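Visitor: Position in the sequence shown (first residue = 1) + 5 = the working numbering. For glycine and all other residues, C-beta sits at the position ideal for the given N, C-alpha and C. Since we're looking at a predicted model, the values are computed, not measured.
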Amino acid sequence: MGYFATALVLLLSAACHSEGPVEAVIAPPLAWVPPGEAIYDVDLTQFTTWGAVMDSAPFANMQQLDNWGRNQINVEVSPDGYGTTGQGMWYRFAARPNHCNDQIVGQAKIPLPNGTKHVWAEFDVAFSANWTNVNANCASPAPDYKFFLAWFAETVSCGHGRAEVKMGTTGSSVHASGAGFPACDDVPVNPGGLLNGVPTYPPKTVRNPIARQFFDGQPHHFRVYFGNEGDGQWSVYVEIDGVVTHNYVTSTISQELTFDYLMLGSNRNLGATEDMYLHWRSMRVWAD
Numbered sequence: 006m007g008y009f010a011t012a013l014v015l016l017l018s019a020a021c022h023s024e025g026p027v028e029a030v031i032a033p034p035l036a037w038v039p040p041g042e043a044i045y046d047v048d049l050t051q052f053t054t055w056g057a058v059m060d061s062a063p064f065a066n067m068q069q070l071d072n073w074g075r076n077q078i079n080v081e082v083s084p085d086g087y088g089t090t091g092q093g094m095w096y097r098f099a100a101r102p103n104h105c106n107d108q109i110v111g112q113a114k115i116p117l118p119n120g121t122k123h124v125w126a127e128f129d130v131a132f133s134a135n136w137t138n139v140n141a142n143c144a145s146p147a148p149d150y151k152f153f154l155a156w157f158a159e160t161v162s163c164g165h166g167r168a169e170v171k172m173g174t175t176g177s178s179v180h181a182s183g184a185g186f187p188a189c190d191d192v193p194v195n196p197g198g199l200l201n202g203v204p205t206y207p208p209k210t211v212r213n214p215i216a217r218q219f220f221d222g223q224p225h226h227f228r229v230y231f232g233n234e235g236d237g238q239w240s241v242y243v244e245i246d247g248v249v250t251h252n253y254v255t256s257t258i259s260q261e262l263t264f265d266y267l268m269l270g271s272n273r274n275l276g277a278t279e280d281m282y283l284h285w286r287s288m289r290v291w292a293d
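(1) Can you list, in chain order, the residues of its chain with a C-beta nearer than 6 angstroms to that of lysine 122? Leave out the 5 residues immediately preceding and following it.
(2) If you run the structure through DSSP and keep just helix, strand and coil, what is arginine 97?
(3) Check each candidate in Tyr230, Cys143, Val170, Met268 and name the one with the smallest Cα separation from proline 39.
(4) Going straight from the alpha carbon of threonine 50 to that of arginine 286, what length do you get?
(5) Buried or exposed: which applies to glycine 222, given that a residue is buried once 16 or more other Cβ atoms fall within 10 Å of its Cβ?
(6) For the region 109-196, list the beta strand (DSSP E) runs that are entirely contained and at least 3 residues long, ordered along the chain.
(7) Does the Cβ of glutamine 218 have 16 or more other Cβ atoms within 10 Å, making it buried, or fewer, making it exposed?
(8) Are there three or more Cβ pairs, one per stretch, closer than 8 angstroms when the region 174-192 is compared with the region 277-291?
(9) Got a sec, what are the start and stop residues for the beta strand (DSSP E) aspartate 236 sits in?
(10) For alanine 181, which residues of its own chain have a beta-carbon under 6 angstroms away from its beta-carbon, when the five flanking residues on both sides are left out?
(11) Helix, strand or coil for threonine 50? Go by DSSP, reduced to three states.
(12) Thinking C-alpha only, which one of Ala100, Phe128, Val254, Leu154 is nearest glycine 93?
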């Protein structure tokens, strides 16, 4: 049984064996405890040349596997002449206000060890203060940005080929889901709740409406855990600046999937209305 599933079973068992009437209890957040040392630990603000980025782990590993390079990830040239600045790895979404379709910048990949069923990632990023996924020139599709993706090595029988965190879903929400979403996941799309501006717990929800507060040009600290707990149970955990936004175990069709690689950013659903930026500042990854 996996890390999060074990804690959940113990919590439920304690509730079921208590004497007398049982009142509804709001469970505390499950601990985010990655195992041992990180397999990758990189400070992207240290690089002043693109060659230095390409020589660093985890990107050097991906370069060997995929011939991954600047042209492949489409990072546009920054003011210092590289896809880096003192702010980190620099993704520029150039203004495309009349583009009502995917706008892709980034997709840097981080390989994971074969057989990985549990992955933890901790990273600091900054969205430009003018960031928005909304484009008034487009009636469809819905605004969204595929922010952090954990792709599977095997074919998914039902759902997506990845677990994911998306920022600005419908313009305002943080979205986090596992292998079975949307067709084979028992956690419904739910906007979550707010109490005095703070997300209520437990946020057993795919969507939580707090994304826009992080589009302010300042660094924000993310922690993400995705886990295949066995028997069709999947764990999803997201924490932003110390606040847990998603923490749930969901049932889906039993799928013995393993994680292949992480992807740092992918596409907006709609073109940017003006130049917008995303800086990846640091990244730590654990896997087992």
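Guide: By the coordinates alone:
(1) Asn233, Thr263
(2) strand
(3) Tyr230
(4) 6 angstroms
(5) exposed
(6) 113-121, 123-132, 151-157, 167-174, 178-182
(7) exposed
(8) no
(9) Aspartate 236 -> no beta strand (DSSP E), and no H or E assigned at all.
(10) Val170, Val241, Val243, His251
(11) helix
(12) Phe128
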